[in-house]
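Numbering-wise, my numbering comes out as the position in the sequence shown, counting from 1, plus 75.
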Amino acid sequence: MKLAFSKELSRRLIEYYGRMPSASVVSRDFNLRANEGSAISQETARRWMRSLSLPEIERLQVLVEWLGIDMSFLTTRQDSSEV
Numbered sequence: 076m077k078l079a080f081s082k083e084l085s086r087r088l089i090e091y092y093g094r095m096p097s098a099s100v101v102s103r104d105f106n107l108r109a110n111e112g113s114a115i116s117q118e119t120a121r122r123w124m125r126s127l128s129l130p131e132i133e134r135l136q137v138l139v140e141w142l143g144i145d146m147s148f149l150t151t152r153q154d155s156s157e158v
């Protein structure tokens, strides 16, 4: 699921920016749209972009509204590297 999310996030970021932005740009722009308690660090953005973690529901909501993230990654079967 992490890999599927990261691929979808990357695809949407490239569509939005025209190229892959840095984690600092993603965290800055995310935080402009997030509620106070949902702000993220540059490290959190980096972990999402590198398939190392998934956002919590509240943060995922921000990504859906901002980038139009396709939630179908939630139903993607895990591959053997994610078990």
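All C-beta atoms in this analysis are idealised placements derived from N, C-alpha and C, irrespective of residue type, glycine included. This structure is a prediction, so every number in the text was calculated from the model and none was measured.
CA-to-CA distance, residue j to residue i, given in whole angstroms
{"i": "Pro130", "j": "Ser81", "result": "10 Å"}
{"i": "Tyr92", "j": "Ile144", "result": "14 Å"}
{"i": "Glu118", "j": "Leu149", "result": "23 Å"}
{"i": "Leu88", "j": "Glu133", "result": "19 Å"}
Start-to-end residues for the alpha helix (DSSP H) that takes in residue i
{"i": "Asn106", "result": "Ala98 to Arg108"}
DSSP three-state assignment for residue i, whether helix, strand or coil
{"i": "Gly93", "result": "coil"}
{"i": "Glu131", "result": "coil"}
{"i": "Met146", "result": "helix"}
{"i": "Met124", "result": "helix"}
{"i": "Ser79", "result": "Residue identity differs from the one stated: residue 79 is Ala in this sequence, not Ser. Helix."}
{"i": "Ser113", "result": "helix"}
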